[in-house]
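In the UniProt record's numbering, the protein residues as written are 1 to 326.
All residues carry an ideal CB built from backbone N, CA and C; glycine is no exception.
All figures in this text were calculated on a predicted structure; none of them were measured in a lab.
Remarks on the structure that follows.
And the structure:
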């Protein structure tokens, strides 16, 4: 739990937790703020409380730290106005809005900051909401059935602030599963309830081909020999066309494959599939275990063993308690 009456310190704390922003105080009220953080595996849940404030993330902040996450903010009291990609929407209490930390945004909280914000790795959200960009700056109403359900879940986890072990004292593996569940429910809610979701047109030929190629690659994550030539050949496209498909998404085929392998490893460890990190790494197409661990930490902010260790400790406890007395 961080508390501050200094705007500079508040901004420093936020920048250390999430993507760097500028903080501007609104009005003449002396600034004060409190921040509580809950780690749910790769997902970071932050509970903000402060006097009226405005957050701006411009190109200077993006150049400093590009970020690679989506934010989902739940407003608890008052209203908020967020602008991104030429769109501007107003949030009322209970509403959730999705934004992208890799792009500039302007977030105004004229009644004070009273919200819960999820910081979600891009690969994790896009694994269950591939067209996440279509829902940026879109309001998921707290009055809708699924919007209300997601909002209540976030309140239950985040309103009381951080607890020992995270997620109400649960171990890291349970917290990670909870984080994944919240993200999947959030994705479903946006798809079902969002007005933008109802009007998103079917993808043109290029995205349809990309989706087919990506499905092929997901089915073969465990194959360490999967390369560009094989992917292009099996999907009946040229190597040049394959590069263009992924370039339109701001990435490359091999970088996307690498991200999906890391995501599959995270999900396998969080779900308890595999008893050793090396086993999960091989399952996901990695042959260099130290590289897997380094890349995993860079992507999710934790080591693979952080998800594995609680289960190992529980097995040891059970074995010890089951041993006959001397």
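List, from N- to C-terminal side, the alpha helix (DSSP H) runs of 4 residues or more that fit wholly inside the stretch 24 to 91.
List check, alpha helix (DSSP H) in window: 59 to 64.
**Prompt:** Do you know whose CA, among 54, 305, 96 and 251, lies nearest residue 148's CA?
**Reply:** If you number the chain shown from 1, residue 148 lands on position 148. Ranking 54, 305, 96 and 251 by Cα distance to residue 148 puts 96 first.
query: Which whole-angstrom value is the C-beta distance of residue 31 and residue 25, which I expect to be below 8 Å?
result: Your numbering for residue 31 matches position 31 in the chain shown. Your numbering for residue 25 matches position 25 in the chain shown. Between residue 31 and residue 25, the beta carbon gap of about 5 Å places them in contact (Cβ cut-off 8 Å).
Note to self: Output needed for residue 218: all residues of its chain with C-beta closer than 7 Å, excluding positions within five of it in sequence on either side, in chain order.
What the structure shows: Start at 1 with the first residue of the chain shown, and residue 218 comes out as number 218. Result list for residue 218: 260, in chain order.
message: For the pair the stretch 253 to 269 and the stretch 210 to 225, tell me if three or more CB-CB distances fall below 8 Å.
response: Short answer: they touch.
When you compare each of 93, 227 and 229 to residue 109 by their alpha carbons, which one comes out closest? Here residue 109 is taken as the residue at index 109 of the chain shown, counted from 1. The shortest Cα separation from residue 109 among 93, 227 and 229 belongs to 93.
ask   = What are the boundary residues of the beta strand (DSSP E) that residue 119 is part of?
value = Position 119 of the chain shown, counted from the start, is the residue given in the question as residue 119. It spans 113 to 121 - the beta strand (DSSP E) in which residue 119 sits, taken as one unbroken run.
inquiry  = In the DSSP assignment, the alpha helix (DSSP H) including residue 183 goes from what residue to what residue?
reply    = Here residue 183 refers to the residue found at position 183 of the chain shown. Start and end: 172 to 193.
Quiz item: Where does residue 66 land, buried or exposed, given buried means 16+ other C-beta within 10 angstroms?
Solution: Taking the chain shown and counting its residues from 1, the one referred to as residue 66 is at position 66. Around the beta carbon of residue 66, a 10 Å sphere encloses fewer than 16 other beta carbons of the protein chains shown; the residue is thus reported as exposed.
(Q) Taking CB distances under 8 Å as the criterion, tell me whether residue 88 reaches chain D. (A) Judged by its chain identifiers, the structure shown contains no chain D, having just a single protein chain.
Point to revise | As assigned by DSSP and simplified to three states, the class of residue 157 | key: Position 157 of the chain shown holds residue 157. Here residue 157 sits in helix by DSSP.
Please report the Cβ distance between residue 191 and residue 129, rounded to the nearest whole angstrom; I am assuming they are in contact, meaning their Cβ atoms lie under 8 Å.
Residue numbering aside, residue 191 sits at position 191 when the chain shown is read from its first letter. Residue numbering aside, residue 129 sits at position 129 when the chain shown is read from its first letter. Correct: roughly 7 Å between the Cβ atoms.
* Distance, Cα to Cα, residue 41 vs residue 236? -> Translated into the one-based positions of the chain shown, residue 41 becomes position 41. Translated into the one-based positions of the chain shown, residue 236 becomes position 236. Residue 41 and residue 236 have their alpha carbons spaced roughly 38 Å apart.
Item checked: Segment limits, beta strand (DSSP E) that includes residue 237 -> Locating residue 237 in the chain shown gives position 237, counting from the first residue. First-last for residue 237: undefined, no H or E at that position.
query = Under the rule that 16 or more other beta-carbon atoms within 10 Å means buried, what is residue 161, buried or exposed?
reply = Mapped onto the chain shown, residue 161 falls at position 161. With a pLDDT of 44 at residue 161, under the threshold of 50, the predicted position of this residue should be treated as unreliable, though the coordinate-derived value follows. Under this definition residue 161 is an exposed residue.
* Given residue 274, which residues of its chain have a CB within under 7 Å of its CB, disregarding the five upstream and five downstream residues? -> For this step, residue 274 is matched to residue 274 along the chain shown. Counting only Cβ-Cβ distances below 7 Å, and skipping sequence neighbours, we find 268, 280 and 283.
Three CB pairs or more closer than 8 Å across the stretch 12 to 28 and the stretch 77 to 88: With a cut-off of 8 Å, the stretch 77 to 88 and the stretch 12 to 28 do not count as touching, because too few Cβ pairs lie within range.
Exercise. In the UniProt domain "HTH araC/xylS-type" (211 to 310), which residue ranges form an unbroken alpha helix (DSSP H) of at least 4 residues, counting only runs that do not cross its ends?
Worked result: Uninterrupted alpha helix (DSSP H) stretches at least 4 residues long and entirely within the UniProt domain "HTH araC/xylS-type" (211 to 310) occur at 228 to 234, 239 to 247, 253 to 270, 277 to 283 and 289 to 300, given in chain order.
Could you compute how far the alpha carbon of residue 189 sits from the alpha carbon of residue 12?
Counting from 1 along the chain shown, the entry for residue 189 is found at position 189. Counting from 1 along the chain shown, the entry for residue 12 is found at position 12. Spanning the two alpha carbons is a distance of roughly 33 Å.
Using a threshold of 8 Å, state whether the C-beta atoms of residue 113 and residue 50 are closer than that. Residue numbering aside, residue 113 sits at position 113 when the chain shown is read from its first letter. Residue numbering aside, residue 50 sits at position 50 when the chain shown is read from its first letter. Yes; because the gap between Cβ atoms is below 8 Å, this pair is in contact.
Span separating the alpha-carbon of residue 60 from that of residue 234: Position 60 of the chain shown, counted from the start, is the residue given in the question as residue 60. Position 234 of the chain shown, counted from the start, is the residue given in the question as residue 234. Using only the alpha carbons, I get a separation of about 42 Å.
| Bridge partner(s) assigned by DSSP for residue 22 | The residue given as residue 22 occupies position 22 in the chain shown. For residue 22, which the question treats as bridged, DSSP gives the partners 56.
* Using 10 angstroms around the beta-carbon of residue 100, count the other beta-carbons present and answer buried if the total reaches 16, otherwise exposed. => Numbered from its first residue, the chain shown carries residue 100 at position 100. Buried, because 16 or more other Cβ atoms sit within 10 Å of the Cβ of residue 100.
**Prompt:** Is it right to say residue 6 is buried, meaning 16 or more other beta carbons lie within 10 angstroms of its own, or is it exposed?
**Reply:** Counted from its first residue, the chain shown places residue 6 at position 6. Exposed: under 16 other Cβ atoms inside 10 Å.
- Cβ of residue 68 within 8 Å of Cβ of residue 104? The residue labelled residue 68 in the question sits at position 68 within the chain shown. The residue labelled residue 104 in the question sits at position 104 within the chain shown. Not a contact, by the Cβ cut-off of 8 Å.
task = Could you please give me the residues that DSSP links to residue 97 through a beta bridge?
result = Within the chain shown, the letter at position 97 stands for residue 97. Answer is 73 and 139.
| Which first and last residues belong to the alpha helix (DSSP H) in which residue 8 is found? | As a working note, residue 8 is residue 8 in the chain shown. Counting along the chain, the alpha helix (DSSP H) containing residue 8 begins and ends at 7 to 17.
Of the residues 307, 304, 308 and 296, which one's Cα is nearest the Cα of residue 123? Looking up residue 123 in the chain shown gives position 123. Minimum Cα distance to residue 123 is reached at 296.
Would a C-beta distance cut-off of 8 Å place residue 173 and residue 307 closer than the cut-off? Indexing the chain shown from 1 puts residue 173 at position 173. Indexing the chain shown from 1 puts residue 307 at position 307. Result yes, Cβ atoms of residue 173 and residue 307 sit closer than 8 Å.
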